[in-house]
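Chemist: Just so it is clear: in the sequence shown, position 21 is 21 by full-length UniProt numbering, and no numbers are missing.
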Amino acid sequence: MACKCVSCPECGGSGIVWVSFSGKYMGKHRCDDLDEMERCDFCYGSGISEECDECLDAWYDDECDEY
(Lines of atoms letter the chains of each structure in order from A and count residues from 1; the text may use other names and numbers.)
(Lines give C-alpha, C1' and ligand atoms only; values in the text may rest on other atoms or scores of the structure.)
Protein backbone atom coordinates (compact mmCIF):
# COMPACT_ATOMS: atom_id res chain seq x y z
CA MET A 1 0.00 0.00 0.00
CA ALA A 2 1.24 3.51 -0.76
CA CYS A 3 1.57 6.32 1.75
CA LYS A 4 -1.45 8.63 1.77
CA CYS A 5 -0.20 11.26 4.21
CA VAL A 6 -1.43 14.79 3.54
CA SER A 7 1.21 17.48 3.00
CA CYS A 8 0.91 20.56 5.15
CA PRO A 9 -0.98 23.27 3.23
CA GLU A 10 0.79 26.03 5.15
CA CYS A 11 4.36 25.13 4.15
CA GLY A 12 3.70 22.92 1.12
CA GLY A 13 5.28 19.90 2.79
CA SER A 14 8.69 21.46 3.36
CA GLY A 15 8.32 21.98 7.11
CA ILE A 16 9.56 25.56 6.84
CA VAL A 17 7.97 28.95 6.18
CA TRP A 18 9.48 32.30 5.30
CA VAL A 19 9.44 35.34 7.56
CA SER A 20 10.53 38.76 6.31
CA PHE A 21 13.32 40.78 7.89
CA SER A 22 10.68 42.92 9.63
CA GLY A 23 8.97 39.83 11.10
CA LYS A 24 6.06 39.63 8.67
CA TYR A 25 4.86 36.09 7.96
CA MET A 26 5.43 35.24 4.27
CA GLY A 27 4.37 31.56 4.15
CA LYS A 28 5.82 29.65 1.19
CA HIS A 29 6.92 32.80 -0.63
CA ARG A 30 10.31 34.45 -0.30
CA CYS A 31 10.64 38.09 -1.35
CA ASP A 32 14.31 38.96 -0.87
CA ASP A 33 17.63 37.73 0.51
CA LEU A 34 16.90 39.12 3.98
CA ASP A 35 13.93 36.77 4.53
CA GLU A 36 14.54 33.99 7.05
CA MET A 37 13.31 30.41 7.26
CA GLU A 38 11.43 29.26 10.35
CA ARG A 39 9.82 26.01 11.38
CA CYS A 40 6.18 25.75 10.31
CA ASP A 41 3.97 26.08 13.40
CA PHE A 42 1.06 24.32 11.70
CA CYS A 43 2.88 20.98 11.21
CA TYR A 44 5.72 21.59 13.71
CA GLY A 45 8.29 21.17 10.95
CA SER A 46 7.21 17.70 9.83
CA GLY A 47 5.71 18.83 6.52
CA ILE A 48 2.69 16.59 7.12
CA SER A 49 -0.67 17.86 8.33
CA GLU A 50 -2.35 14.46 8.47
CA GLU A 51 -0.66 11.05 8.72
CA CYS A 52 -2.16 8.05 6.97
CA ASP A 53 -3.05 4.85 8.84
CA GLU A 54 -0.16 2.94 7.26
CA CYS A 55 2.44 5.41 8.55
CA LEU A 56 0.81 5.59 11.99
CA ASP A 57 0.83 1.79 12.24
CA ALA A 58 4.51 1.70 11.26
CA TRP A 59 5.30 4.34 13.88
CA TYR A 60 3.45 2.39 16.59
CA ASP A 61 5.24 -0.82 15.56
CA ASP A 62 8.62 0.92 15.88
CA GLU A 63 7.68 2.31 19.30
CA CYS A 64 6.57 -1.11 20.55
CA ASP A 65 9.80 -2.73 19.34
CA GLU A 66 11.82 -0.35 21.53
CA TYR A 67 10.16 -1.60 24.73
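C-beta atoms are modelled at their ideal positions from N, C-alpha and C, and glycine is treated no differently.
Quick caveat: nothing in here was measured; it's all calculated off a predicted structure.
#1: Going by the CB atoms, is the gap between E10 and C55 shorter than 9 Å?
#2: Figure out for me which residue from D35, G47, D61 has the closest Cα to the Cα of G15.
#3: Would you kindly work out how many angstroms separate the C-alpha atoms of E36 and K28, rounded to a whole number?
#4: Go to Y25, then tell me how far its beta strand (DSSP E) extends in each direction, as first and last residue.
#5: Would you kindly check if the distance between the Cβ of C3 and the Cβ of C52 is under 9 Å?
Modeler: In terms of the structure at hand:
#1: Locating residue 55 in the sequence shown gives position 55, counting from the first residue. Locating residue 10 in the sequence shown gives position 10, counting from the first residue. Contact: no.
#2: As a position in the sequence shown, residue 15 is number 15, starting the count at 1. It is G47 whose Cα lies nearest to the Cα of G15.
#3: If you number the sequence shown from 1, residue 36 lands on position 36. If you number the sequence shown from 1, residue 28 lands on position 28. Rounded to whole angstroms, E36 to K28 spans 11 Å at the Cα level.
#4: Within the sequence shown, the letter at position 25 stands for residue 25. From DSSP, the beta strand (DSSP E) with Y25 extends over 25-27.
#5: Taking the sequence shown and counting its residues from 1, the one referred to as residue 52 is at position 52. Taking the sequence shown and counting its residues from 1, the one referred to as residue 3 is at position 3. Yes. Within cutoff.
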